[in-house]
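Notes for the one structure printed next.
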Amino acid sequence: MSAALLIEQLLNGLQLGVMLFLIAAGLTLIFGVMGLINLAHGSLYMIGAFACAAVAAATGSFWLGLAASLAAAAAAGALMEVAIIRRLYERDHLDQVLATFALILILSEGTRWLFGSFPLYLDIPPLLQGAVPLPGGGQYQLYRLAIIGVGIVVAVGLYLLISRTRLGMRIRAGESDREMIAALGVDIRTLYTVVFALGAALAGLAGAMVGALQSVQVGMGEPALILAFVVIVIGGIGSIKGALVGAILVGVVDTMGRFLLPKLLALTMPVSQANLVGAALASMLIYIVMALILALRPRGLFAGQA
């Protein structure tokens with residue numbers, strides 16, 4: 078196993094972790110501030126991907142498509158919050174699960190009606206095409222490195238937003254005591270809509286960037302949503318720091334598990350059998366890690382921290 082191949086897989090895990098962070102950050106904000114279980118968050122990821130693909134195909138510009146993904150996902154999130162989610166805050170979690178699951182079905186069928194059942198494809202912008210050299214003689218795709226860079230910038234921006242701005246102060250206060258912040262004159266409904274739109278925009282951004290690496294299709298948000306829930310359970314609900322650490326942990330463990338386990342098992346069994354067993358074990362690995370962390374830290378690694 079070469080050093081270049083190992084570094085490449087580590088970078089793949091980091092890139093996956095950054096994508097999961099963009100989805101999980103919005104999800105943990107929404108759950109932490111509003112106490113809302115939003116199963117439809119993955120649909121906002123899908124909306125961002127479709128908006129980017131459609132606008133890029135119409136204009137020939139990936140960057141306009143990226144802007145469209147942010148706008149479309151944020152608008153869809155705000156509309157969803159005002160029309161439906163707002164009525165669920167005082168309901169129990171079962172009602173929230175049922176209502177947001179219904180939203181998944183509605184948004185999936187609406188997207189299929191607008192764009193059809195066939196997948197769309199996004200081209201990597203010319204500025205980010207090509208590869209950069211890795212230690213040991215390998216190369217790594219420049220676009221994937223750009224995704225990692227965007228994720229780091231967003232993480233820093235979110236941390237500064239939450240910890241250093243008036244809006245962040247209101248978000249943290251709303252998480253701690255929504256009745257008190259409403260009594261102090263803050264428009265809690267507007268605050269909730271802003272938080273929901275912000276979380277939706279982050280999910281849309283993730284969908285747009287991933288769309289250039291895989292096909293854009295209906296239902297693409299649900300697998301990402303499952304991993305995002307694992308991330309926020311590991312990191313701690315309501316914590317941006319926890320979402321970042323949990324996402325990187327999940328991304329690296331999942332990627333390295335799929336890469337290393339079949340190779341290790343091949344030392345003791347036939348290669349074909351090792352590949353099957355290794356793939357099965359790798360798919361379980363992040364859930365084993367989650368169970369171990371919850372056994373030691375039942376509220377997650379950074380529960381109660383910004």
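Mapped onto the numbering used here, the consecutive letters of the sequence shown carry residue numbers 78 to 383.
Every residue gets a Cβ at the ideal spot worked out from N, C-alpha and C, and that includes glycine.
Item to check | tyrosine 122 in three-state terms, based on DSSP | outcome: Sequence index remark: in the sequence shown, residue 122 carries index 45 (1-based). Helix.
Next on the checklist: Can you list, in chain order, the residues of its chain with a C-beta nearer than 7 Å to that of phenylalanine 178? Leave out the 5 residues immediately preceding and following it.
Outcome noted: Taking the first residue of the sequence shown as position 1, residue 178 is located at position 101. Cβ neighbours of phenylalanine 178 beyond the five flanking positions: Leu116.
Item to check | Length at least 4, wholly inside the region 222–288: the alpha helix (DSSP H) runs in chain order | outcome: 243–253, 255–260 and 265–288
Checklist entry - When you compare only the Cα positions, how much space is there between isoleucine 84 and isoleucine 114? => result Taking the first residue of the sequence shown as position 1, residue 84 is located at position 7. Taking the first residue of the sequence shown as position 1, residue 114 is located at position 37. Taking the straight line from one Cα to the other gives about 37 Å.
Next on the checklist: DSSP three-state label for leucine 197, please.
Outcome noted: As a working mapping, residue 197 is identified with position 120 in the sequence shown. Strand.
Item to check | Extent of the continuous beta strand (DSSP E) to which tyrosine 217 belongs | outcome: Stepping through the sequence shown from its first residue, residue 217 is reached at position 140. Residues 216–218.
Next on the checklist: For glycine 355, which residues in the same chain have their Cβ closer than 7 Å to its Cβ, ignoring the five residues on either side in sequence?
Outcome noted: For the purposes of this step, residue 355 is taken as the residue at position 278 of the sequence shown. Only Leu338, Pro339 and Leu342 meet the Cβ criterion.
Next on the checklist: Pop quiz: alanine 223 and leucine 205 are said to be a contact at Cβ under 8 Å. What is the actual Cβ separation, rounded to whole angstroms?
Outcome noted: Locating residue 223 in the sequence shown gives position 146, where the first residue counts as 1. Locating residue 205 in the sequence shown gives position 128, where the first residue counts as 1. Indeed they touch by this definition, with Cβ atoms about 5 Å apart.
Checklist entry - In terms of DSSP beta bridges, what is proline 210 paired with? => result By one-based count along the sequence shown, residue 210 stands at place 133. Paired residue(s): Gln216.
Item to check | Cut-off 8 Å between Cβ atoms - residues of its own chain near valine 307, not counting five sequence neighbours on either side | outcome: The residue you call residue 307 lines up with position 230 of the sequence shown. Closer than 8 Å at the Cβ level, and outside the excluded window around valine 307, lie Gly323, Val327, Ile363, Tyr364 and Met367.
Checklist entry - Would you say the region 145–156 touches the region 84–94, given that touching needs at least three Cβ pairs under 8 Å? => result no
Next on the checklist: Nearest by alpha-carbon distance to methionine 286: which of Ser79, Met333, Val95 and Leu82 is it?
Outcome noted: As a first step, residue 286 must be located in the sequence shown, where it is residue number 209. Looking at the Cα atoms, Val95 is the closest of the given residues.
Next on the checklist: What does the alpha-carbon distance come out to for the pair alanine 176 and leucine 353?
Outcome noted: One-based indexing of the sequence shown puts residue 176 at position 99. One-based indexing of the sequence shown puts residue 353 at position 276. Going from the Cα of alanine 176 to the Cα of leucine 353 covers about 38 Å.
Item to check | Inter-residue spacing [alpha-carbon to alpha-carbon] between leucine 182 and valine 174 | outcome: The sequence position of residue 182 within the sequence shown is 105, counting from 1. The sequence position of residue 174 within the sequence shown is 97, counting from 1. Looking at the two C-alpha atoms, the distance is approximately 13 Å.
Checklist entry - With DSSP run on the structure shown, which of helix, strand or coil describes valine 293? => result Here residue 293 is taken as the residue at index 216 of the sequence shown, counted from 1. Three-state DSSP puts valine 293 in a strand.
Checklist entry - Can you give the Cα-Cα distance for glycine 377 and threonine 136, rounded to whole angstroms? => result Mapped onto the sequence shown, residue 377 falls at position 300. Mapped onto the sequence shown, residue 136 falls at position 59. Approximately 44 Å between the Cα atoms of the pair.
Checklist entry - Does the distance from the CB of leucine 106 to the CB of glycine 234 come in under 7 Å? => result As a working note, residue 106 is residue 29 in the sequence shown. As a working note, residue 234 is residue 157 in the sequence shown. Cβ distance not < 7 Å, so leucine 106 and glycine 234 don't count as in contact.
Item to check | Residue range of the alpha helix (DSSP H) that includes threonine 345 | outcome: Here residue 345 refers to the residue found at position 268 when the sequence shown is read from its first residue. Per DSSP, threonine 345 belongs to no alpha helix (DSSP H) and is neither H nor E.
Checklist entry - Does DSSP put isoleucine 84 in a helix, in a strand, or in coil? => result Translated into positions along the sequence shown, residue 84 becomes position 7. Residue state, collapsed to three classes: helix.
Checklist entry - In whole angstroms, what is the alpha-carbon distance linking alanine 128 and phenylalanine 273? => result Taking the sequence shown and counting its residues from 1, the one referred to as residue 128 is at position 51. Taking the sequence shown and counting its residues from 1, the one referred to as residue 273 is at position 196. If you take the alpha carbons of alanine 128 and phenylalanine 273, they lie about 19 Å apart.
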